[in-house]
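Visitor:
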Amino acid sequence: MLDPNYVRENLDSVRAALAARNFPTAALDHFAELDAERRRVNSEADAVNHERNNASKEIGALMQAGKKTEAEAKKAEVAGLKGRQTELEKQRDEADAAMRDLLSGLPNLPAEDVPVGPDESANVEIRRWGTPREFDFEVKDHVDLATDLGILDLERAAKVAGARFAILSGFGAKLERALVNFMLDVHTRDHGYKETLPPLIVNRDTLFGTGQLPKFEEDLFTLTDERGFSLIPTAEVPVTNYHRDEILDASGLPLKFVAYTPCFRSEAGSYGRDTRGLIRQHQFEKVELVKLCLPEESDREHEDLTANAEKILQLLELPYRTVVLSTGDMGFSARKTYDIEVWLPSQNTFREISSCSNCGDFQARRMGTRFRRAGGAKPEYVHTLNGSGLAVGRTWIAVIENYQQADGSIVIPDALRPYMNGVEQIAKA
RNA sequence: GGAGAGGUAGCCUAAUUGGUAAGGCAGUAGUCUUGAAAACUACCGCGGGAAACCGCUUGCAGGUUCGAGUCCUGUCCUCUCCGCCA
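Just so we're on the same page, our numbering is the position in the first sequence counted from 1, plus 11.
Structure (structure tokens):
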């Protein structure tokens, strides 16, 4: 959520920023009048309220003093205010709701150093690590490799659940589990994150807080339960919301969480995209990094978080590059996003394996997550950050494809071997 | 699923037949002190405002009333017992 005061004072630059995100700016056409109306009605309702409060207090005093007739006279006087008050409160609620509807649908404003462009073609590569391996045989993709090895069964998954589901088995399942444990260990032991295991089902307030609602309901799996539950699309949702409607002590910041969870996405609208293999699934596993921090530290924390995610790929010796997303390619809640893309030999290209975003105070404002500096200062909104560290399924793909051998077997990266009970290679049984 | 108890500011605890949230601890600033402690003073839920001040706040949402922590309805959460259960 944008700060209404900021929007009021910077309407033109907000309009330009939204346009850079390909966001229709028509909604802002009514901002000024809506804002003025809201503030006018609010102060008027306040004034009437004040009048009534005073009268009620006087009645109370008269009753205490035993002056019944005077109290009755005062009551009759106050009764006339009631209709006007009800009307004003109704107007105020409507104006507030209209403003909230307007603001809650607007995406975050891009940071100043985000490249401006229409879509992913304007993303800018900022660094590259490792060198893609030279293969002296024809590479296979992860579907052929893993299916042949008997560690992946997509056909039966389609029978059990449907398209975009998978069954991992044997060393395939073990590799997934090894990756999860490896990532959690690195982030907790070396990077100082606190491991958490959040609910996989969340309510609507939580979804609003991180920005999934009201605009992206169709991306979620929502339960038929009347409580409005949805399956989480990412651990960012429950974890960032841990401190919703709280005022934190500044001395406790930054808070750094790492959470391993399954994630569930409807993938509505992505029909025909990445239909083969594990790239795009309705259910996948992810280790997620989340930070709540001071505003002045979020840029640095963002760099650190991205480096923490990259470290996993370095330890697994998987080549990758990091790109900064352009204004036209960023997510709703982000003010700046780095995508980390891992090398996939079968596609001869880099594919997203992590997305690390600084959301500034955008989510904090929706959640009501604030902090207070020492000395009893006014509460301020925290900054929130999140990033995959990493998408486990896609890491699994990267390991399978990058470590494939001519005979179709897979060499286990050194860093993972302790997590595989010393297994060094997955070969056909 | 059945029965019962409860939710007041960071924590603890009050509030008469409904009269407009009292107090303690912790915390912050200051006085005093070589320094600290103690004592004393102020602040000490949220929002707006330069300020004066105003509005909001007893889990949440409604209702009755001039006025609701208090009465009524719904709902969420916590706890206890019974049943069921990984």
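We put the beta carbon where it would ideally sit given N, CA and C, even for glycine.
Bear in mind that the values here come from a model prediction, so they are computed numbers and not experimental data.
1) To which residues of the same chain is L195 closer than 7 Å at the C-beta, ignoring the five residues directly before and after it?
2) Quick check on the burial criterion: 16 or more other C-beta atoms within 10 angstroms. Buried or exposed for R347?
3) Taking only three categories from DSSP, how would you classify L242?
4) Of the choices A438, L264, P330 and G433, whose alpha-carbon is the least far from that of R384?
5) How big is the Cα-Cα spacing for G222 and N134?
6) So what's A76 in DSSP terms, helix, strand or just coil?
7) State yes or no: is the C-beta of T317 within less than 8 Å of the C-beta of C370?
8) Quick check on this structure: which residue in E391, T158 and A31 has the alpha carbon closest to the alpha carbon of G288?
9) Do D230 and A279 have their beta-carbon atoms positioned less than 8 Å apart in this structure?
10) Between A345 and S399, which are expected to be in contact by the criterion C-beta below 8 Å, what is the C-beta distance as a whole number of angstroms?
11) Can you tell me which residues form a DSSP beta bridge with D350?
12) Nearest-angstrom Cα distance between V403 and F361?
13) Of the choices R50, R95 and L120, whose alpha-carbon is the least far from that of A106?
14) If you draw a straight line from the C-alpha of N60 to the C-alpha of T97, how long is it?
15) So, at 6 Å on beta carbons, what are the nonlocal neighbours of F373 in its own chain, with the 5 sequence-adjacent residues on each side left out?
16) Should D46 be labelled buried (16 or more other beta-carbon atoms within 10 Å of its own) or exposed?
17) Does the count of Cβ pairs from the stretch 59 to 77 and the stretch 164 to 179 closer than 8 Å reach three?
18) Report, in whole angstroms, the separation of the C-beta atoms of Q292 and A177, which I expect to be a contact under 8 Å.
19) Just list the residues that DSSP pairs T97 with in beta bridges.
20) Please state whether the Cβ-Cβ distance between K232 and L242 is less than 8 Å.
21) By the DSSP assignment, the beta strand (DSSP E) with Y414 in it spans what residues?
22) CA-CA distance, Y204 and L266?
23) Can you list, in chain order, the residues of its chain whose CB lies under 6 Å from that of L29, leaving out five sequence neighbours each side?
24) Using beta-carbon positions only, say whether L92 and R63 come within less than 8 Å of one another.
25) I need the DSSP call for T207, collapsed to helix, strand or coil.
26) Within 10 angstroms of the Cβ of Y414, are there 16 or more other Cβ atoms? Answer buried if so, exposed if not.
27) Report back the beta-carbon spacing between L396 and E307 to the nearest angstrom; my notes put them in contact at under 8 Å.
Guide: Once the coordinates are examined:
1) E206, V269, Y271 and V298
2) For the record, residue 347 in the displayed sequence is Lys; it is not Arg. By the neighbour-count rule (16 or more Cβ atoms within 10 Å), K347 is buried.
3) strand
4) L264
5) 23 Å
6) coil
7) no
8) T158
9) yes
10) Actually they do not touch by this definition, with Cβ atoms about 13 Å apart.
11) V334 and S366
12) 16 Å
13) R50
14) Near 10 Å, if we compare the C-alpha coordinates of T97 and N60.
15) Result list for F373: N119 and S344, in chain order.
16) That one is buried.
17) With a cut-off of 8 Å, the stretch 164 to 179 and the stretch 59 to 77 do not count as touching, because too few Cβ pairs lie within range.
18) In this structure, Q292 and A177 form a Cβ contact; the two beta carbons are roughly 6 Å apart against a cut-off of 8 Å.
19) Note: T97 sits in no beta bridge, so no partner.
20) Position check: residue 232 holds Phe in this sequence, whereas Lys was assumed. Result yes, Cβ atoms of F232 and L242 sit closer than 8 Å.
21) Membership of Y414 in any beta strand (DSSP E) is not indicated, and neither H nor E is assigned to it by DSSP.
22) 8 Å
23) The answer, listed in chain order, is T36.
24) yes
25) Under the three-state reduction of DSSP, T207 is assigned to strand.
26) buried
27) Rounded, the Cβ-Cβ distance is 14 Å, inconsistent with contact.
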